[in-house]
Amino acid sequence: MGVPEIANRPGPTAAEPGGERRRAGRRAWSRRGVLTAFGAAVPALALSGCGDSADAADGKGAAATGSAAPGAKTKAQVRTPKVTVSPTDGTKRADFTAPVVVSVTDGTLSAVEVSGNDGSTLAGSFDEDRTRWTSSGNPHSGTKYTVTAKAAGAAEHTAVFVTKSPGATFAGYFTPEANSTSGVGMPVSINFTHPVTDRAAVEKAITVTAEPAVDVVGHWFGNSRLDFRPAEYWAAGTKITLSLRLKDVEGGNGVYGVQSKDVTFHIGRRQVSTVDLAKKTMTVERDGTTLATYPVSGGAPAHTTWSGIMVISERFKETRMESSTVGLGDEYDIADVPHAQRLTTSGTFIHGNYWASPSVFGSSNTSHGCVGLRDAKGADDGSVPGYRFYESSMLGDVVVVENSGERTVEASNGLNGWNLSWADWKAGSAL
24 MGVPEIANRP
34 GPTAAEPGGE
44 RRRAGRRAWS
54 RRGVLTAFGA
64 AVPALALSGC
74 GDSADAADGK
84 GAAATGSAAP
94 GAKTKAQVRT
104 PKVTVSPTDG
114 TKRADFTAPV
124 VVSVTDGTLS
134 AVEVSGNDGS
144 TLAGSFDEDR
154 TRWTSSGNPH
164 SGTKYTVTAK
174 AAGAAEHTAV
184 FVTKSPGATF
194 AGYFTPEANS
204 TSGVGMPVSI
214 NFTHPVTDRA
224 AVEKAITVTA
234 EPAVDVVGHW
244 FGNSRLDFRP
254 AEYWAAGTKI
264 TLSLRLKDVE
274 GGNGVYGVQS
284 KDVTFHIGRR
294 QVSTVDLAKK
304 TMTVERDGTT
314 LATYPVSGGA
324 PAHTTWSGIM
334 VISERFKETR
344 MESSTVGLGD
354 EYDIADVPHA
364 QRLTTSGTFI
374 HGNYWASPSV
384 FGSSNTSHGC
394 VGLRDAKGAD
404 DGSVPGYRFY
414 ESSMLGDVVV
424 VENSGERTVE
434 ASNGLNGWNL
444 SWADWKAGSA
454 L
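Numbers 24 to 454, taken from my numbering, label the letters of the sequence shown in order.
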């Protein structure tokens with residue numbers, strides 16, 4: 024390289040013409056030449072680090088290159104997490120058919136609480152990144168909710184909304200009554216106050232469980248009745264729980280349920296009575312033992328008694344029976360029929376009879392379709408079959424009619440779903 028020669032070359036003196044100019048030019052040239060000569064060998068960092076005050080002032084020095092690590096956010100770039108709630112804060116008529124959703128941008132959610140003024144709370148879950156929380160169920164109608172959400176690095180966020188009330192509603196009236204004890208044939212039967220078009224949604228909102236456990240399935244009779252039963256009669260002593268979660272379930276177009284409750288029933292002893300109208304007798308069995316055998320009279324040939332399995336659904340110590348109510352004109356009107364127990368909705372009873380000759384029972388079928396036992400007027404004579412059978416019975420007891428000359432009763436005619444096979448029963452479920 025020619026650098027040593029440049030460094031040792033004698034320069035002009037001040038006395039020489041143009042000496043000052045020439046020295047100044049040499050100084051300037053020498054600085055540029057040195058930088059140029061070493062440009063390929065001296066690292067750029069060394070050149071930058073050796074900048075004079077002018078370089079620093081021009082923003083070319085170390086201070087001007089910036090001290091932050093690559094990708095790091097400056098204070099002005101840090102964003103505060105923003106929480107949003109759906110339904111939005113202040114909504115007065117929020118939808119109750121969709122879940123509550125809480126989300127955050129530029130942060131993560133640490134906690135979410137949703138509570139209603141009815142004392143209820145909504146559970147929910149976060150997504151994988153904890154940027155979104157969704158309630159596992161929908162809010163209730165006509166309820167005020169407070170949502171409290173916490174996000175790391177942000178103040179607690181609160182939102183309040185009120186859900187709207189449904190325009191039209193329906194309810195389910197159930198049998199048997201809450202806390203009652205029934206016979207082994209009693210199904211859980213629910214009649215709705217409005218026709219149900221979305222059977223699956225309604226049936227899904229109702230569960231029937233038994234202790235001891237047994238498979239219980241629902242069966243629809245039309246659009247307004249849903250019954251539940253197991254494959255066989257309930258076991259004696261069973262505890263049954265009906266759970267209604269119909270509130271805000273849309274059963275029809277814009278028609279919503281109103282109930283959310285649990286009720287329990289109990290099954291008593293097992294009593295099954297078999298009426299053989301060829302023999303004109305009824306044998307009562309309780310818990311596997313014959314309790315009694317009574318002479319009876321069934322439907323005459325012109326008015327035969329339904330055959331099949333029937334369940335006692337109503338009981339009256341005394342009641343009025345009129346033929347006009349069952350389509351038989353004015354053939355009879357008896358004001359004080361003793362010990363009447365209903366077997367079908369259409370009007371079949373098993374009851375006491377004081378107006379027929381005692382010789383009829385056990386020998387002739389003479390009724391208009393009911394099963395009659397000898398009884399006494401006033402329903403107070405404890406010695407007669409009508410009284411004794413009534414006293415030994417309860418709602419839900421099973422009465423099986425054989426050899427009546429009539430076809431099997433429809434399963435929907437009374438609480439008589441036991442006349443369907445288990446396969447046919449399950450086929451009537453909407454689930």
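Backbone N, C-alpha and C define an ideal beta-carbon position, used for all residues, glycine too.
| Check | Outcome |
| --- | --- |
| Measure the C-alpha to C-alpha separation of P324 and N388 and round it to an integer number of angstroms. | 8 Å |
| In the DSSP assignment, the beta strand (DSSP E) including E425 goes from what residue to what residue? | 421–425 |
| According to the neighbour-count rule (16 or more other Cβ atoms, all chains shown, within 10 Å of its Cβ), is D271 buried or exposed? | buried |
| So, for P189: in the same chain, excluding its five sequence neighbours on each side, which residues have a beta-carbon less than 6 Å away from its beta-carbon? | S164, Y279 |
| Need the endpoints of the beta strand (DSSP E) that A358 sits in, please. | 356–365 |
| Just verifying my parser: in three-state terms, what is the DSSP assignment at E200? | coil |
| Could you give the distance in angstroms between the alpha-carbon of V307 and the alpha-carbon of A254? | 22 Å |
| May I ask you to report which of helix, strand or coil DSSP gives G147? | strand |
| For A446, which residues in the same chain have their Cβ closer than 7 Å to its Cβ, ignoring the five residues on either side in sequence? | none |
| State whether the region 418–428 contacts the region 324–340, with contact taken as three or more CB pairs (one from each stretch) at a distance under 8 Å. | yes |
| Kindly indicate which residue of Q364, S346, I357, Q294 has the alpha-carbon position closest to the one of H391. | S346 |
| Got a sec? Which residues, its chain only, sit under 7 Å from R292 by beta carbon, not counting five neighbours each side? | A259, R309, D310 |
| Quick check: what's the CA-CA separation for L300 versus V225? | 41 Å |
| Name the DSSP bridge partner or partners of D285? | S266 |
| Determine the direct distance from the alpha carbon of T313 to that of T287, and round the result to whole angstroms. | 30 Å |
| Please classify G274: is it buried, with 16 or more other beta-carbons within 10 angstroms of its beta-carbon, or exposed? | buried |
| Ignore the nearest five residues each way along the sequence and tell me which others in N161's own chain have a CB closer than 7 Å to its CB. | F119, T120, A121, P122, D271 |
| Go ahead and pull the three-state DSSP assignment for Y377. | coil |
| Buried or exposed for D129, please, with buried defined as at least 16 other CB atoms from any protein chain shown within 10 angstroms of its CB. | exposed |
| Jot down the residue ranges of each uninterrupted alpha helix (DSSP H) in the region 377–449, minimum 4 residues, whole runs only, in chain order. | 408–415 |
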